[in-house]
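Q:
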């Protein structure tokens, strides 16, 4: 494992994952890898051990069942485990992706993950294979109330990653969407000739979903404005 991107969702984690791969660090484990590889049950097991005390906490041996073939990781559910992953992979550099403000992060979350979680039909005749995993992290990360508790969760998570990186003397980069290639190639020790000529990735699997949510808000006369993956 070379790089742990431990920022919360909607902080540019997907774009960072794609950028790392274009810089030769890959494959990168991102949320989209969970369903592709049928890893939902393993992450639920990890969450149950961390938050409910059921089963053994995950160590490198257990994480390697999921991450052993990857050189980096980014996004949930992996980023729910900053302390555990930093202990499991002491050789890895750490990137904390953040937004310019808590409000910007919360607005983006409310238009994507939270909206999808709270607007499912009950009962749902066609549940997503990701739904049980999503239900757990919404419950454990912000008490199933993102609007009320999300800002505090975001603040606490970022403070924890910064503290762990400082205490452990880790190579650490705090990165914001829009920072571009330069901080990454400097942090990773790459030369200028290794920097892609192409624009920095702007990847977002939620783009179409966000358009739908924003159209709904406009129809109700509400303000919109949520960006970044």
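In the working numbering, the protein residues as written are 282 to 510.
The C-beta atom is built at its ideal place from N, Cα and C for all residues, glycine as well.
So what does DSSP say about residue 326, is it helix, strand or coil?
A: As a working note, residue 326 is residue 45 in the chain shown. Helix, per DSSP.
Q: Taking DSSP's pairing of strands, which residues face residue 353 in a bridge?
A: For the purposes of this step, residue 353 is identified with residue 72 of the chain shown, where counting begins at 1. DSSP, once it has assigned bridges, lists 284 and 309 as partnering residue 353.
Q: Taking residue 398 as the reference, which of 406, 411 and 339 has the closest Cα?
A: In the chain shown, residue 398 corresponds to position 117, counting from 1. Here the closest residue by C-alpha is 411.
Q: Kindly indicate the opening and closing residues of the alpha helix (DSSP H) around residue 454.
A: Here residue 454 refers to the residue found at position 173 of the chain shown. Segment 453 to 456 is the beta strand (DSSP E) holding residue 454; no alpha helix (DSSP H) there.
Q: Answer yes if the region 365 to 382 comes into contact with the region 447 to 457, meaning at least three C-beta pairs across the two stretches below 8 Å, and no otherwise.
A: A contact exists between the region 447 to 457 and the region 365 to 382.
Q: Which two residues bound the contiguous alpha helix (DSSP H) that contains residue 444?
A: Residue numbering aside, residue 444 sits at position 163 when the chain shown is read from its first letter. Unbroken alpha helix (DSSP H) run through residue 444: 427 to 449.
Q: Report the CB separation of residue 566 from residue 361 in whole angstroms; it is logged as a contact under 8 Å.
A: Only positions 282 to 510 of the chain appear in the structure, and residue 566 is not among them; the question remains open.
Q: Say whether the region 385 to 396 touches the region 322 to 340, bearing in mind that this needs 3 or more beta-carbon pairs closer than 8 Å, one atom from each stretch.
A: At 8 Å Cβ cutoff, the stretches do not touch.
Q: From the DSSP output, in three-state form, read off residue 296 for me.
A: Within the chain shown, the letter at position 15 stands for residue 296. Residue state, collapsed to three classes: helix.
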